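Visitor: The following block contains the structure, expressed as structure tokens.
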Amino acid sequence: MPADADAAKAVDPEVEERWGKDLRAIEESIRLMLSNHLQEAEDLLAEATADVAKREFRFDAGDHDMRGCFSFVNALMSLINGLASLENNQLDIVLERVRLADDQLTADSDWPGRTVLRGLCNLVAGVVEIMQGMPSRGVWHVLRSWFWLRTLESEALTFDGHERGCVRSTALLALGVFNLFVSMLPPTAMKAAGWATGFSGGRDVALSQLRACWEEGGIQAPFAGMVLIGFCVDVSSFLGELRQERAARHHMAKEILDWGRKDYPGAFFFAGLEAGYLAAERDLEGALAKLDEIRVSVEKLPAFLFLVSVRRATFLLALFQWQAAGDAFADAVKVYQGVGRRALCPSLSLNSHLCYSRAGCKERAAEMLDTCLAYQKTSFVIVKDSRCPPGASQQGARGRASSKKEEKKKWSPLDKVSLRQAEAARRHAQDPAGDANGRG
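Numbering (full-length UniProt numbering), first residue to last: 1 to 440.
Structure follows, in structure tokens:
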């Protein structure tokens, strides 16, 4: 368009060069993240932030302080990296980085790019708080993001500056995710959200915005694509859509997966979504082959390895491969035990026990039943090992100090039921006749 061409010509060469350099840093960090090189992505953003800090900004010429943007992307990286490694307090770290990004964005000039990012900061903060078990506070933050996002349709989607591609892509993603999130709220909550914010979007609007974000191929296209695949493959079925509707959704998912394989070869996230797609298409053998392919690349990332193991177990169950399913459930338990996690271990151990029992593997079945029953206690002694901070006195071997504390474990309803069933299985094994007659 002529207006776009005139705007591009008016940009100062130095400002345009800076913008291009910063944008390439973001694009490359996203590519590294999607390819499972999370630490390299964080390092790249740290270098870019240090470079921007040395600049004298020329806001009147269209210059931007991108440190807030880098910090926001870094917060997303820390969310994925923390969850992948099952580090303690990872969600607290993400919230700290999101707040840092929001503070840094206030130092930038007033332009639509800053507006959309401040909205995204609140949106991500809300999602993280929901993950932390604070649903009311989280939903409030998500709805509060509309204070910034509500102007995007009139300002960001039609923005004509040299930053148009980035601004429009990010705005479409933000609007799409917001509308999709709100559309998943219970009807009464959705009405309250509409009354409180004045927004009038919905699921169809959200999907069209995400589709446009992906089709335009901007900087946020891979994220929009992944959200669409997740909805089309998993959420669509959960919502009870008819087979004909799901077939159309699956066609879209396949289209995006083909694109992801071409533009982001080896990307773990697209490969993981493809396994779910293949299973939804009833190609369980293909789904298992894809998971085996993924497993090699996530051996050092406990959370991803855990998810792969649980998925494998689920698909193997659908194929009635009882012993292999028992092995996969047991692998998932080992991953959590290796990082000191206990949630879901009783349930997964019991699942493994049942699979081995069905396969006739009595010895392995007994081992996994013992593993499950070992979680009957509610108090656990936690041993923490920590390094002395820089500058502190070094005591003990190489400055390491250990401490012990007792932690009370509150089991989830699922784990509580699993523990009761495991106890019943133990009683039956010890006295089959008595158990059958209702004794013991």
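Every residue, glycine too, gets a C-beta built ideally from N, C-alpha and C.
Because the structure is a prediction, the values reported are computed rather than measured.
#1: With burial defined as no fewer than 16 other Cβ atoms inside 10 Å of the residue's Cβ, what is the status of HIS162: buried or exposed?
#2: Quick one: grab the DSSP three-state call for GLU17.
#3: So for ARG342, helix, strand or coil by DSSP?
#4: Are ALA343 and SER412 close, meaning C-beta to C-beta below 8 Å?
#5: Return the CA-CA distance between LEU79 and GLN90, expressed in angstroms with no decimal places.
#6: Out of curiosity, what's the CA-to-CA distance linking PHE315 and ASP108?
#7: CB-CB under 7 Å to SER208, same chain, minus the five flanking residues each way: which ones, in chain order?
#8: Could you tell me whether the region 202-222 touches the region 176-189, using the rule of 3 or more Cβ pairs below 8 Å?
#9: Measuring alpha carbon to alpha carbon, tell me which of PRO112, ASP110, GLY113 and GLY119 ends up nearest ARG99.
#10: Using C-beta distances below 7 Å, list every residue in its chain close to PHE329, excluding the 5 sequence neighbours before and after it, in chain order.
#11: Classify GLY266 as helix, strand or coil using the three-state DSSP reduction.
#12: When you compare only the Cα positions, how much space is there between residue 482 and ARG282?
#13: According to DSSP, simplified to helix, strand and coil, what is TYR336?
#14: Closest to ALA125 by C-alpha separation, out of THR106, GLU28, ASP102 and GLY165, would be which residue?
#15: Nearest CA to the CA of VAL335: which residue from LEU305, LEU105 and ALA359?
#16: By how many angstroms is the C-alpha of SER418 removed from the C-alpha of TYR375?
#17: With a floor of 3 residues, list each beta strand (DSSP E) that falls wholly inside the region 193-264, ordered by position along the chain.
#18: In the DSSP assignment, find the unbroken alpha helix (DSSP H) run with ARG364 in it and report its ends.
#19: For ARG97, count neighbouring Cβ atoms within 10 angstroms of its own Cβ and tell me buried if that reaches 16, exposed if not.
#20: So what's ASN89 in DSSP terms, helix, strand or just coil?
#21: Considering only residues of the region 97-164, which uninterrupted alpha helix (DSSP H) runs meet the minimum length of 4 residues and lie entirely inside it, listed in chain order?
#22: Assuming contact is defined by CB atoms lying nearer than 8 Å, are ALA267 and LEU34 in contact in what I supplied?
#23: Give the DSSP-derived three-state secondary structure of residue 441 in the structure shown.
#24: Check whether the region 38-49 and the region 71-78 are in contact - that is, three or more C-beta pairs closer than 8 Å.
#25: Taking its Cβ as the centre, do 16 or more other Cβ atoms sit within 10 Å of GLN104, making it buried, or is it exposed?
#26: I need the boundaries of the alpha helix (DSSP H) containing GLY286, first residue and last residue.
#27: Roughly how many whole angstroms lie between the Cα atoms of HIS428 and LEU414?
#28: Anyone know if the C-beta pair for GLY62 and LEU117 falls short of 8 Å?
#29: If I measure Cβ to Cβ from LEU373 and keep anything under 6 Å in the same chain, skipping five residues before and after, which residues do I get?
#30: Taking ASP51 as the reference, give the member of LEU38, LEU123, LYS21 and PHE59 with the closest Cα.
#31: Grouping DSSP H, G and I as helix and E and B as strand, with all else coil, what is MET66?
#32: Hey, how far is the Cα of TYR264 from the Cα of LEU32?
#33: Please classify SER393: does DSSP put it in a helix, a strand, or coil?
#34: Can you check which of these residues, VAL339, PRO222, LEU149 and PHE269, is closest to GLY113 by C-alpha distance?
#35: HIS251: buried (16+ other C-beta within 10 angstroms of its C-beta) or exposed?
#36: Which one of LYS377, ARG420 and ALA324 has the shortest CA to CA distance from SER357?
Guide: According to the data block:
#1: Under this definition HIS162 is a buried residue.
#2: If DSSP states are grouped into helix, strand and coil, GLU17 belongs with the helices.
#3: Reduced to three states, the DSSP call for ARG342 is coil.
#4: Contact: yes.
#5: Looking at the two C-alpha atoms, the distance is approximately 7 Å.
#6: Answer to the nearest angstrom: the Cα atoms are 49 Å apart.
#7: No residues qualify anywhere along the chain.
#8: Below 8 Å, enough C-beta pairs join the region 202-222 and the region 176-189 to call them touching: three or more.
#9: Closest by alpha carbon: GLY119.
#10: These residues qualify, in order along the chain: ALA313, LEU348, ASN351, SER352 and CYS355.
#11: Three-state result, GLY266: coil.
#12: Because the chain in this structure spans residues 1 to 440, residue 482 falls outside the shown range and cannot be described.
#13: Here TYR336 sits in helix by DSSP.
#14: Of the listed residues, the one whose Cα sits closest to ALA125 is ASP102.
#15: Ranking the options by Cα distance to VAL335, first place goes to LEU305.
#16: The alpha-carbon atoms of TYR375 and SER418 are separated by roughly 10 Å.
#17: Within the region 193-264, complete beta strand (DSSP E) segments of at least 3 residues are not found at all.
#18: Where ARG364 is concerned, the enclosing alpha helix (DSSP H) stretches over 362-373.
#19: Buried, by the Cβ-count rule.
#20: Correct three-state label for ASN89: coil.
#21: If only uninterrupted alpha helix (DSSP H) runs of at least 4 residues are considered, those enclosed by the region 97-164 are 112-131, 135-144, 146-149 and 152-155.
#22: In this structure, ALA267 sits near LEU34, with a CB-CB distance shorter than 8 Å.
#23: Lying outside 1 to 440, the shown extent of the chain, residue 441 is not represented and no answer is given.
#24: Contact between the region 38-49 and the region 71-78 is present, because at least three Cβ pairs lie under 8 Å.
#25: It counts as buried.
#26: In the DSSP assignment, GLY286 falls within the alpha helix (DSSP H) that extends over 284-297.
#27: Their backbone Cα atoms lie some 21 Å apart in a straight line.
#28: 8 Å or more divides the Cβ of GLY62 from the Cβ of LEU117.
#29: Scanning its chain for C-beta atoms nearer than 6 Å, with the 5 sequence neighbours on each side dropped, one finds around LEU373 the residues ALA422, in chain order.
#30: The residue with the shortest Cα to Cα distance from ASP51 is LYS21.
#31: In this structure, MET66 counts as coil in the three-state DSSP scheme.
#32: When only Cα atoms are considered, TYR264 and LEU32 end up about 10 Å apart.
#33: Note that SER393 scores a pLDDT of 37, beneath 50, so its modelled location is shaky; the value from the coordinates is reported in the next line. It is coil, neither helix nor strand.
#34: In this structure, LEU149 is the residue among VAL339, PRO222, LEU149 and PHE269 with its C-alpha nearest to the C-alpha of GLY113.
#35: Residue environment for HIS251: exposed (fewer than 16 other C-beta atoms within 10 angstroms of its C-beta).
#36: The residue from LYS377, ARG420 and ALA324 with its alpha-carbon nearest to that of SER357 is ALA324.
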